[in-house]
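Undergrad: Handing you this structure, nothing more for now.
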Amino acid sequence: MHSNKYIYTFVLLLTAVVALALASLFTFLKPIHDTNEAIYNKKAILGAVSTKIDGDYNSLSDEQVQQIFDENIVQQVVDPKGNIIEANALQERSFGATKAEELDMAKEKKKPAEERSLPLYVYTAPDGEKYYIVTVRGNGLWDEIWGNIAFESDLNTIAGVSFDHKQETPGLGAEIKDNKEWYTQYIGKKIYDENGNFESVNAIKGGAKDPTHQVDGISGATITADGVNAMLEIGLKLYEPYFEKIKQS
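Now the structure itself:
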């Protein structure tokens, strides 16, 4: 029969060995996890211009996603006044990030609006056309939602969108990501009226009535759809000063 001291010592040693093994495994797997997460995020960004990419977007390999980012994407970060933030200033301002893809949008969302760093991706399509992709973040029914919105060169007409969420309900709120028929409604919609006033685009319960600034809502997911509306309203307005500078240049 082993003494209590022996048992306690054995348990402590076993716990230490398991903890060391888990720490080593985490250290080994973290670079792989970080790489996979980076590719996932890049593909989500490209999802906003999926119809402007040669070939089948859904079948893009990790290498092809990275190649498109390297060859067809120019990354910029702007402030809410429309100024481009250079890498050194960005590093001090946004938790060590040096370019758009490194921004932690969950942390940026918690800052006062005037202090946020806003990612921007300028995509040059195979035909030479440029599209401006911006990132927005908001709240759904259960947790955060986010999206990438691509604009044509007029910085008014939506060329495509991709949405995602943390834990919206499958078959309901999760449709913002999963239902292609729903999110492709945004293509061709405009965020300004004919007088240049900001209108955004809204998902309407019961069906869209304004073909320029509205899309149909999501049945059974009114709160999530309202969250998308608020996310676009607030998020896109932050980019307005930058849009104005580009239009005037």
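In terms of the numbering used here, the sequence shown is residues 8 to 256.
All C-beta atoms in this analysis are idealised placements derived from N, C-alpha and C, irrespective of residue type, glycine included.
(1) Does the separation of the CB atoms of Leu125 and Tyr139 fall below 8 Å?
(2) From Asn236 to Ser66, what distance separates their C-alpha atoms?
(3) Kindly indicate which residue of Glu122, Asn90, Gly89 has the alpha-carbon position closest to the one of Ser101.
(4) Return the chain-ordered list of same chain residues with a C-beta closer than 8 Å to the C-beta of Ile1, the five sequence neighbours on each side being excluded.
(5) From Asn43 to Gly178, what distance separates their C-alpha atoms?
(6) For Ile225, count neighbouring C-beta atoms within 10 Å of its own C-beta (all shown protein chains included) and say buried if the count is 16 or more, exposed if not.
(7) Are Ala157 and Val56 close, meaning C-beta to C-beta below 8 Å?
(8) Measuring straight from C-alpha to C-alpha, what distance separates Glu136 and Gly227?
(9) Give me the DSSP bridge partner(s) of Val235.
(10) Alpha carbon to alpha carbon, how far is Gly89 from Ala132? Give it in angstroms, no decimals.
(11) Since Asp223 and Ile241 should fall inside the 8 Å C-beta cutoff, what is the C-beta to C-beta distance between them, to a whole number of angstroms?
TA: Looking at the atomic coordinates:
(1) In this structure, Tyr139 does not lie closer than 8 Å to Leu125 by Cβ.
(2) 30 Å
(3) With distances taken between Cα atoms, Ser101 lies closest to Glu122.
(4) Here the chain has residues from 8 to 256 only, and residue 1 is not among them.
(5) Using only the alpha carbons, I get a separation of about 26 Å.
(6) buried
(7) yes
(8) 38 Å
(9) Answer is none; Val235 lacks a bridge partner.
(10) 24 Å
(11) Actually they do not touch by this definition, with Cβ atoms about 22 Å apart.
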